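Participant:
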Amino acid sequence: ALAAALEGQLQLREVSGIPLQASTVDNWSQIQNFEAKPDDLLICTYPKSGTTWIQEIVDMIEQNGDVEKCQRAIIQHRHPFIEWARPPQPSARNAKDCMVSYYHFQRMNQILPDPGTWEEYFETFISGKVGWGSWFDHVKEWWEIKDRYQILFLFYEDIKRDPKYEIQKVMKFMGKNLDETVLDKIVQETSFEKMKENPMTNRSTVPKSILDQSISPFMRKGTVGDWKDHFTVAQNERFDEIYRQKMKGTSIKFLTEL
Ligand code: A3P
Numbered sequence: 179a180l181a182a183a184l185e186g187q188l189q190l191r192e193v194s195g196i197p198l199q200a201s202t203v204d205n206w207s208q209i210q211n212f213e214a215k216p217d218d219l220l221i222c223t224y225p226k227s228g229t230t231w232i233q234e235i236v237d238m239i240e241q242n243g244d245v246e247k248c249q250r251a252i253i254q255h256r257h258p259f260i261e262w263a264r265p266p267q268p269s270a271r272n273a274k275d276c277m278v279s280y281y282h283f284q285r286m287n288q289i290l291p292d293p294g295t296w297e298e299y300f301e302t303f304i305s306g307k308v309g310w311g312s313w314f315d316h317v318k319e320w321w322e323i324k325d326r327y328q329i330l331f332l333f334y335e336d337i338k339r340d341p342k343y344e345i346q347k348v349m350k351f352m353g354k355n356l357d358e359t360v361l362d363k364i365v366q367e368t369s370f371e372k373m374k375e376n377p378m379t380n381r382s383t384v385p386k387s388i389l390d391q392s393i394s395p396f397m398r399k400g401t402v403g404d405w406k407d408h409f410t411v412a413q414n415e416r417f418d419e420i421y422r423q424k425m426k427g428t429s430i431k432f433l434t435e436l
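FYI, my numbering numbers position 202 of the sequence shown as 380, with every residue one higher than the one before it.
1) Does the ligand A3P have even one heavy atom less than 7 angstroms from the beta-carbon of residue 373?
2) Assign residue 188 to one of three DSSP states: helix, strand, or coil.
3) For residue 306 versus residue 292, is the C-beta distance shorter than 8 angstroms?
4) DSSP puts residue 193 in a beta bridge; with which residues?
5) Can you check which of these residues, 385, 384, 342, 278, is closest to residue 360 by C-alpha distance?
6) Looking at residue 335 and residue 433, is the spacing between their C-beta atoms short of 8 angstroms?
7) Could you check if residue 377 is buried or exposed, using at least 16 other CB atoms within 10 Å of its CB as the buried criterion?
8) From what residue to what residue does the alpha helix (DSSP H) around residue 375 run?
9) Could you name the residues of the same chain whose beta carbon sits closer than 6 angstroms to that of residue 274, not counting the 5 residues immediately before and after it, in chain order?
10) Round the Cβ separation of residue 310 and residue 224 to the nearest angstrom and send it over; I've been treating them as touching at under 8 angstroms.
11) Any contact between the stretch 232–241 and the stretch 214–221? By contact I mean 3 or more CB pairs, one from each, below 8 angstroms.
12) Determine whether the beta carbon atoms of residue 247 and residue 241 lie at a separation below 8 angstroms.
13) Compare the beta carbon distance of residue 337 and residue 228 with 8 angstroms and say whether it is the shorter of the two.
14) What is the DSSP secondary structure of residue 436, counted as helix, strand or coil?
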């Protein structure tokens, strides 16, 4: 029975054609009825696009660079996910690195469907039959509405290239003004190397039955261009063609290498 229950959890179910975890689907009306207060800040990301990274940056800014305060709880508790409706993200990352990161995440995540082989996962990802739906739709839709609402659209690749400049953008968006030394400290503390060692951000407190970090660490590589070690030449050509079709008509541009 336990296995069956677990199996039920592993299956994704759909809301408006978007595959989601069963617990999210069960709570959908509550999630949909969420109303933001004027000073609420929502971080909206496609999975594996640097959610944890921007969460830590936002908290460091909010706490004026106070490292100890940012150690008060694990990141999932400081910024809960709204879709898990345990009382809550646009940041985008290029599709190729995102697919690679998501593949390794599904290998180690014991409560998401098994990704199968890399070849199989390539097809699943392109078709959008992954948790939280299609990368293409997510990115296009947020890009389209970004100027109509108070939205700060960030790219993983930009934060990687010039963290200080991007962190400053987040700071201004949050209506904060921190001095140079605090900003430098936030840049340091939110580096991949630091966050990989930080038990409040590296998910080391999540049991192995949920996240098996011996299969693949949560803080895996944190780079731009790892897709080159995964995509075959043929896959890359096919991907670029599908990308052109699916992204037709949008002005969004991604960097896939730095
Ligand atoms: P990789 O699997 O490519 O290493 P999310 O938090 O949305 O699940 O995204 C996880 C991805 O962000 C992982 O990518 C992870 O290593 C990367 N990441 C997390 N913290 C980072 C940081 N401080 N700098 C760069 N990348 C980071």
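Cβ coordinates follow ideal geometry from the N, Cα and C atoms, glycine included. Quantities reported herein were computed from a predicted structural model and do not represent experimental measurements.
Facilitator: The short version:
1) yes
2) helix
3) no
4) 196
5) 342
6) yes
7) exposed
8) 370–375
9) 405, 434
10) 7 angstroms
11) yes
12) yes
13) yes
14) coil
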